[in-house]
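Count along the sequence shown from 1, then add 608; that gives the number in the numbering used here. Backbone N, C-alpha and C define an ideal beta-carbon position, used for all residues, glycine too. Below is one structure, written out as structure tokens; the observations come after it.
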Amino acid sequence: MRYALRQLFHAPGYAVVAILSLAFGIAATTAVYSVVYGVLINPYPYRGADRMVVFSLRTSTGATGMGLFVREFVELEKLDVFDGVVGMDTWPATLTGEGLPEAVQLSRISANTFEYLGIPPMLGREFTANAASYGRDPDRVAVLTYAFWQSHYGKDLRVIGKIIRLDREIYTIIGVAPPRLLWSYGDVYVPLRLADDAPAFGFEARLKPGISIQRAQAQLQPLFERFARENPKRFPPNFQVRVVKKIEAAGKDSRTALLLLELGSFFLLAVACANVSILQLARGAARSHELAVRAAVGATRRRLAGQLLAESLLLAVAGASVGIAAAWRLPAIAEYWLPRGIFPRETDIHLSFPVLVFSTAMALAAALASGIAPAVQLSLPRLAEWIQAGNRHATISRAGRRTHSPLIAFQVALTLLLLAGAGAAARSLLALQKTTLGYDPEHLLLARVPVAEGSYTTHSSRTVFFEEIRRLIAASPLIESVALLQGEGAPPHGGWREPVEIFGEPARTGAAAQIFRVTPGYFATLKIPLLHGRAWSEEEHARPARVAVINRAMEKRFWPAGNPVGQKLRFRGFRAGSFQVDVPLSNDWLEIVGVAGDVPNRGLGEPPQPAAYVPYTLVEDDSIVIVARAKDDPLAAVRPIREIVGSVDANQAVVETDTAQN
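Below you can see the structure in the form of structure tokens.
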């Protein structure tokens, strides 16, 4: 090893180039693997996270989530395939008491949650078993997340025992969770109400060791079929219970992209190894006289190969050291730039011990990959013939050229493959940049106003509240125009999707469209052109009239040869669900009064889907999205909008403010 080190010192140019080549490949592989490990392998810090499972109901049209009532939750706890079941229900709540009302995510969780997760609070205590027992009101106690404690209490160690007012209820703070305990996307945790009249809530479970997914599904299917017979409106027909590992569900949106990125980094490391192999072969040709002398005086082929592999190992160790040092900050940079929605909040991307073990293994693999060909080629006994022939010049033998050529071909092939992948990614990016939006996102501000629990429970009171907010925002000197939107349907996202029927036509199998519930000024505010007809009037909006504006995609799908204005359609499932209020009418047919231009409603990379815009006053959610076009900087309107909402109701907050461009 000392001799190998001296040889590298005698050829610093060669050593630096080889080390940097390996360092670049190892740095890329290490950084990408740290993301893969943090997102796909170990995203959760909880006990038995690899056995935690989530549930859905699968039908012929897709999968849907589900909630349980208390009696159903008790039945689920009795199954012998789980060693823990927890309930949770997370909704925005209004924090009052200091300054403007503020919306926080309030997670109501079953009392066993902290024990289930295996992580106690870092300050104070967790909930007792009696904090949320069956048949009684839960205790008014709260545990704060670390981020909420930091932002609202400045890490005050005396926070235990203080009170916090949420949705007009007073809670006593009893604990602070550690930084990575971010269960159920909450800011504040309170006990879940487990009463027979409580609404349905979400749930998760952890399998007992050795229990398979298939066995769990076999026990759950008859149980949920019984639930469906007892309450058929809550369950779709012909469903199958689907159980999925929580880790797999968390990584489903990013798994393919991350694995392809990891494969690309392996290719990059392979190119680096091939490059170092070629450098070693070239240097071996220059050292041919030295190697021939050593072979002539008795050095065995194994000894020569070992010497050459020792040099490769030193290069790999040096390359790994430089590569890991270079990759030290890359995971944090990647975590900052990656979209937050593609991995859980608990994910901690860093160079952990498993990642360092992986990097070490990559270094050893790189040493073998880059050194094996030179070691085999340059340790051949016929090198001794070079001395007998009086050869004093650095030449590459025919055998050496036979080794060079495949390495160069391998290097070129991988490089072309990487370039092809980069070109495909660049084409996709350019295609997204050239996507026709169909609306103008410039100066658009989006802000959600959730209704505080127990407030505005009737259709009329909720409408008055939302419309007063719209009226006051429209009068603001900072605002050019404003509209209201229900649900999650701001472009490029989709709306409420339901099967659709056309009046006077037989039902079409699989015919469906998205429903966007908006105010009549929505098209003018977003600058979506009206191609035919008109939008509904303010008077029709207030009634509310059974009218609709469809998009161009729906016109082409259902009326390819004629003008749909005046035609009628209906959505069978367009009824108020949980936390919604509607206007019961005997006539559920909607008259088409206009056709609007297409806007993305299934992401930027997909063509627009058939969609209909209707007055939101037909079916109202327990929150509204404000879509305001500012005259200048949209973010400058955030505080005035908060103040307007607070002036209408001091217990209402504004959440999720962002620009349409973001």
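Got a sec, what are the start and stop residues for the alpha helix (DSSP H) Ala-1055 sits in?
Segment 1052-1058 is the beta strand (DSSP E) holding Ala-1055; no alpha helix (DSSP H) there.
What number of angstroms, rounded off, separates the C-alpha of Val-784 from the C-alpha of Val-851?
32 Å
Alpha carbon to alpha carbon, how far is Thr-721 from Met-1162? Give it in angstroms, no decimals.
46 Å
Going by DSSP, which residues form a beta bridge with Thr-704?
Arg-773
How would you write the range of the alpha helix (DSSP H) that Gln-758 sits in, first residue to last?
754-761
7 Å Cβ cutoff met for Ala-755 and Val-798:
no
Just how far apart, CA to CA, sit Glu-706 and His-760?
10 Å
Would you please state the rounded distance, in angstroms, between the beta carbons of Ile-634 and Ala-928? I believe it to be under 8 Å.
5 Å
Rounded to a whole number of angstroms, what is the C-alpha to C-alpha distance between Ala-1060 and Gly-931?
52 Å
Spatial neighbours of His-1001 within its chain, please: CB distance less than 7 Å, with the 5 preceding and 5 following residues excluded, ordered by chain position.
Unreliable placement is indicated for His-1001, whose pLDDT of 48 sits below 50; the coordinate value is still reported in the next sentence. Correct list: empty, nothing qualifies.
Report, in whole angstroms, the separation of the C-beta atoms of Leu-923 and Ile-727, which I expect to be a contact under 8 Å.
No, Leu-923 and Ile-727 are not in contact; Cβ-Cβ is about 43 Å, not under 8 Å.
Which residues bound the alpha helix (DSSP H) around Ala-836?
821-838
Status (buried if at least 16 other CB within 10 Å, exposed otherwise) for Gln-1094
buried
Return helix, strand or coil for Asn-720, following the three-state DSSP convention.
coil
The region 773-780 / the region 681-698 touching (three or more Cβ pairs under 8 Å):
no
Go ahead and pull the three-state DSSP assignment for Ser-1063.
coil
For the putative contact between Ala-639 and Pro-939, defined by C-beta atoms under 8 Å, what is the C-beta separation to the nearest angstrom?
6 Å
Straight-line Cα distance separating Ser-960 from Arg-1183:
50 Å
Could you check whether Ile-1136 and Pro-1172 sit closer than 7 Å to each other, using their CB atoms as the reference points?
no
So, are the CB atoms of Ile-1110 and Phe-1166 less than 7 Å apart?
yes
Using only CA atoms, which one of Gly-1046, Phe-1073, Leu-815 lies nearest to Ile-1252?
Phe-1073
Tell me which same chain residues have a C-beta within less than 7 Å of the C-beta of Pro-1085, skipping the five on either side of it?
none
Taking only beta-carbon positions, decide if Leu-1177 is within less than 7 Å of chain C.
The displayed structure is made up of one protein chain only, and chain C is not part of it.
Within 10 angstroms of its Cβ, does Ile-717 collect 16 or more other Cβ (buried), or is it exposed?
buried
Where do the ends of the beta strand (DSSP E) carrying Trp-945 lie?
Unbroken run through Trp-945 is the alpha helix (DSSP H), 938-945; no beta strand (DSSP E).
Around the C-beta of Met-970, are 16 or more other C-beta atoms found within 10 angstroms, so that it is buried, or is it exposed?
buried
I'd like the list of long-range same chain contacts for Val-1108, defined as Cβ closer than 7 Å, with 5 residues on each side in sequence excluded.
Ala-1119, Ala-1120, Ala-1121, Leu-1177, Phe-1179
May I ask which residues mark the beginning and end of the beta strand (DSSP E) holding Ala-1219?
1219-1223
Tell me where the alpha helix (DSSP H) around Ala-1150 begins and ends.
1146-1150
Return helix, strand or coil for Asn-738, following the three-state DSSP convention.
helix
What are the partner residues of Leu-676, as DSSP defines its beta bridges?
Phe-809
Where Gln-1269 falls, given that 16 or more other Cβ within 10 Å makes a residue buried
exposed
Going by C-alpha to C-alpha distance, which of Glu-1088, Arg-1237, Ser-1068, Asp-1240 sits closest to Tyr-1224?
Ser-1068
Since Ala-1161 is in the beta strand (DSSP E), which residue starts that stretch and which ends it?
Element bounds for Ala-1161: not the beta strand (DSSP E) but the alpha helix (DSSP H), 1160-1166.
CB His-1149 to CB Val-1203, shorter than 7 Å?
no
Considering only the beta carbon of each residue, do Phe-1131 and Ala-1143 sit closer than 7 Å?
yes
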